[in-house]
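Position in the sequence shown (from 1) plus 81 gives the number in this note's numbering. Structure record follows, encoded as C-alpha cells.
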Amino acid sequence: METMYSKCARIVAMLVCTIASLTSLAAQTPSLRGTVTDPSGASVPDAVITIRRAPNTQLQTKSDAAGAYVINNVPPGTFELNIRRPGFAPFTASGLNINGPVTLDAAMQITLEAQQVTVNDDSNTVSTDPTQNVGAIVLKGEDLEALSDDPDQLAQDLQALAGPAAGPNGGQIFIDGFSGGQLPPKANIREIRVNSNPFSAEYDRLGFGRIEIFTRPGSDKFRGQFLFMASDNVFNARNPFVTAEKPDFQSKFFDGNVSGPLSKKASFNFNVERRLIDENAVVNATILNSALQPERFNQAIITPNSRWNISPRIDYAINTNNTLVGRYSYSKVDDQNNGVGNFSLASRAYDNFSTGHLLQLTETAILSPKAINEFRLQYQKRNSGNDGDNTIPSINVQDSFQGGGAQVGLSRSNISSWEISNVASFTSGKHAWKFGGRVRVSDTSDSSPNNFGGTFTYAGVAQAPTLDANNNPV
Numbered sequence: 082m083e084t085m086y087s088k089c090a091r092i093v094a095m096l097v098c099t100i101a102s103l104t105s106l107a108a109q110t111p112s113l114r115g116t117v118t119d120p121s122g123a124s125v126p127d128a129v130i131t132i133r134r135a136p137n138t139q140l141q142t143k144s145d146a147a148g149a150y151v152i153n154n155v156p157p158g159t160f161e162l163n164i165r166r167p168g169f170a171p172f173t174a175s176g177l178n179i180n181g182p183v184t185l186d187a188a189m190q191i192t193l194e195a196q197q198v199t200v201n202d203d204s205n206t207v208s209t210d211p212t213q214n215v216g217a218i219v220l221k222g223e224d225l226e227a228l229s230d231d232p233d234q235l236a237q238d239l240q241a242l243a244g245p246a247a248g249p250n251g252g253q254i255f256i257d258g259f260s261g262g263q264l265p266p267k268a269n270i271r272e273i274r275v276n277s278n279p280f281s282a283e284y285d286r287l288g289f290g291r292i293e294i295f296t297r298p299g300s301d302k303f304r305g306q307f308l309f310m311a312s313d314n315v316f317n318a319r320n321p322f323v324t325a326e327k328p329d330f331q332s333k334f335f336d337g338n339v340s341g342p343l344s345k346k347a348s349f350n351f352n353v354e355r356r357l358i359d360e361n362a363v364v365n366a367t368i369l370n371s372a373l374q375p376e377r378f379n380q381a382i383i384t385p386n387s388r389w390n391i392s393p394r395i396d397y398a399i400n401t402n403n404t405l406v407g408r409y410s411y412s413k414v415d416d417q418n419n420g421v422g423n424f425s426l427a428s429r430a431y432d433n434f435s436t437g438h439l440l441q442l443t444e445t446a447i448l449s450p451k452a453i454n455e456f457r458l459q460y461q462k463r464n465s466g467n468d469g470d471n472t473i474p475s476i477n478v479q480d481s482f483q484g485g486g487a488q489v490g491l492s493r494s495n496i497s498s499w500e501i502s503n504v505a506s507f508t509s510g511k512h513a514w515k516f517g518g519r520v521r522v523s524d525t526s527d528s529s530p531n532n533f534g535g536t537f538t539y540a541g542v543a544q545a546p547t548l549d550a551n552n553n554p555v
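Here's what the structure looks like:
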C-alpha cells in the first residue's frame with residue numbers, strides 16, 4: 082500500500098507543475114505595458130492610452146501617478162497606438178504587433194499654445210470712395226436691431242442721426258431711390274444710409290440731412306414674423322396737472338411681415354402695420370364762473386389716434402440681365418381731438434385725417450459687364466384734411482384760456498405727383514461715370530377756410546366774456 086508520505090509528495094508535485102504551467106501561460110498572453118514621460122523624463126499621469134484595430138476592436142486605459150500603464154488580455158494582432166494628454170502633442174505608433182507581452186515607453190512632447198490676434202483696419206483714413214465720407218452712417222443687418230420698433234421713435238432717431246439739413250425745407254427721406262416717400266415699417270428695411278456723399282451732382286439739393294432707405298426684397302423661402310406691443314395707464318404715473326381721476330391711456334402696435342417665392346423668377350414681401358393710441362390731453366386753464374369770478378378749470382380729454390400701413394413688394398427677374406421691382410404702399414392716419422390741452426378748451430378740438438397711395442416701379446438692366454442702367458417711376462397721391470367748427474368765433478384770453486370754435490374749419494389738401502428718373506453707371510479703368518436725370522410733376526389742390534368765424538383776443542380774465550356750458554360766449 083502507498084504510504085501517506087507518498088500521497089502527499091505526489092499532490093505537492095502536481096500543484097507545482099500546475100502553477101508552473103499557469104505562470105508560463107500568463108507570461109505568453111498578449112499585453113501592452115510601458116511608461117509615459119515628458120521631455121525631461123518626468124512621469125506623465127492621467128494620459129489616455131488607446132489601441133485600435135479594424136474594424137471594431139478598441140482598448141483604452143490611463144497612466145497612473147508614476148506614468149505607468151498596462152493593457153492586459155489584448156487579442157493578438159496589429160494595432161495602432163494613440164496617447165493623448167492636454168498640454169502635450171499626441172503620441173502615435175502604427176503597425177504595433179502584439180502577439181505576446183509588449184513593452185512600449187512613450188516620450189511625449191510639450192505643445193506650444195498658439196494665439197491669433199486679428200487687427201482690423203478701422204482707422205479714420207481718407208478714402209477715395211465718395212460714398213465713404215467721414216460723416217456717412219450705414220446701418221444694416223444687426224445694426225438695425227438697435228433701432229426702435231416704434232415708427233415715431235424710429236423717425237426721430239433717424240432725423241437725429243442725419244442732423245440738420247441745408248436749407249429751410251428740412252431733411253430728405255429717399256425710399257429705394259425715390260424722393261418724398263414715407264418711412265416704411267422697420268421690418269421692411271434692409272439698409273439705411275445717412276448723409277452718404279452729400280456733394281454728389283446726382284442730388285438736386287445739398288445732401289446733408291439726407292436719409293436713404295432700401296427695403297427688403299422677397300426671399301427664396303417662406304419667412305414671416307409678427308410683433309405686438311402694448312401699454313396701459315396702469316403702468317403710468319398720474320399727470321401732476323390732473324386733479325380728477327387719472328385719465329385712460331392705451332397704446333397697441335401690431336406689425337406682421339411675410340415673404341417668399343411666387344415662382345422661379347418672382348418673389349414677394351408683404352407687410353401690414355396697425356397702431357391704436359388712446360392718448361389724452363390735459364386742460365389746465367383759468368375761466369370765469371357764473372358769478373364772473375376767476376376759477377381754475379381742469380379737464381383730461383381723450384385724443385385717439387389710429388394708423389394703417391400696408392406695403393407689398395414684388396421682385397421679378399425678366400431675364401438674366403433685367404429685373405423689375407414693384408412696390409405699393411397704402412397709409413391712413415386718423416387723429417381726433419387735436420388742438421386741445423393747456424389753455425385750450427375742449428370746444429377748440431378738431432379732427433385730422435390723411436390717406437396716401439404710393440406706387441413705385443424700378444427696372445434694372447445690366448448693359449454690359451461695365452455698364453448698368455436703372456429706370457425708376459413713382460406715382461404718389463395724398464389726401465389730408467382737418468374737420469373743425471369755425472361757425473362760431475374763437476376766444477383767446479391770454480394766459481387764461483382759449484375757447485370757442487376751432488378756426489381750421491373744413492380744410493382739405495390733395496396732392497398728386499409723378500417722378501421719373503434714369504441713372505446709368507459706367508466703369509472705365511480706374512474711373513466710374515454716372516449719368517442721369519430726374520423729372521418731377523406735382524399737382525396740388527388746397528382749401529383752407531382758416532379763421533372763418535373770427536378770433537377775439539383779450540388781455541386777461543377781467544376782460545373776458547362769460548362762457549356757457551359749451552364754452553361759448555354768453
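Built from N, CA and C at the ideal position, the CB exists for glycine as well.
### Message
Once DSSP output is grouped into helix, strand and coil, what is the label at Ser428?
### Response
helix
### Query
What's the C-alpha gap between Gly484 and Gly466?
22 angstroms
### Message
For a quick check, are the C-beta atoms of Gly407 and Phe349 less than 7 angstroms apart?
### Response
no
### Query
In three-state DSSP terms, what is Leu228?
coil
### Query
Taking just the CA atoms, how far does Ser502 sit from Gly518?
6 angstroms
### Message
With a threshold of 7 angstroms on Cβ separation, who are the neighbours of Phe259 within its own chain once the five nearest residues in sequence on each side are excluded?
### Response
Gln441, Arg457, Gln459, Glu500
### Ala311 to Lys413 span [Cα, whole Å]
20 angstroms
### Query
At a cut of 8 angstroms, does the stretch 226-244 reach the stretch 181-191 through at least three beta carbon pairs?
no
### Query
Are the stretch 418-437 and the stretch 372-385 touching, with three or more C-beta to C-beta distances below 8 angstroms?
yes
### Task
Pick helix, strand or coil for Asp238, following the three-state DSSP scheme.
helix
### Task
Pick out the complete beta strand (DSSP E) segments inside the stretch 417-505, 3 residues or longer, and give them in chain order.
431-449, 452-468, 475-478, 482-485
### Task
Give the secondary structure of Thr104 by DSSP, where H, G and I count as helix, E and B as strand, and everything else as coil.
Note that Thr104 has pLDDT 47, beneath the 50 cutoff, so the model's placement of it is unreliable and no number is given.
#### Entry: Entirely enclosed alpha helix (DSSP H) segments - the stretch 119-143, minimum 4 residues
none
### Query
Got a sec, what are the start and stop residues for the beta strand (DSSP E) Val198 sits in?
Per DSSP, Val198 belongs to no beta strand (DSSP E) and is neither H nor E.
### Query
Where does Val315 fall in DSSP's three states?
helix
### Task
Express the C-alpha separation of Pro167 and Pro156 in angstroms, rounding to a whole number.
29 angstroms
#### Entry: 6 angstroms Cβ shell around Asp415 - same chain, five flanking residues per side excluded
Ser387, Phe434
### Query
Does DSSP classify Lys221 as helix, strand or coil?
strand
### Task
Give the single residue among Thr525, Phe169, Arg133 whose Cα lies nearest to the Cα of Ser498.
Thr525
### Task
Please check the pair Ile132 and Glu161, which I expect to be a contact at CB under 8 angstroms, by giving their CB distance rounded to whole angstroms.
7 angstroms
#### Entry: Contacting residues, own chain, Cβ-Cβ under 6 angstroms from Ala108 (five flanking each side not counted)
For Ala108, the predicted model reports a pLDDT of 49, less than 50, meaning its position is unreliable; a value from the coordinates is still stated below. Cβ neighbours of Ala108 beyond the five flanking positions: none.
#### Entry: Nearest neighbour of Arg521, chosen from Gly437, Ile476, Ile496, Ala146 [CA to CA]
Ile496
### Query
Between the Cα of Ala347 and the Cα atoms of Arg356, Ile395, Glu360, Glu376, which residue gives the shortest distance?
Ile395
### Message
Applying the 10 Å Cβ sphere with the 16-neighbour rule, what's the burial state of Arg291?
### Response
buried
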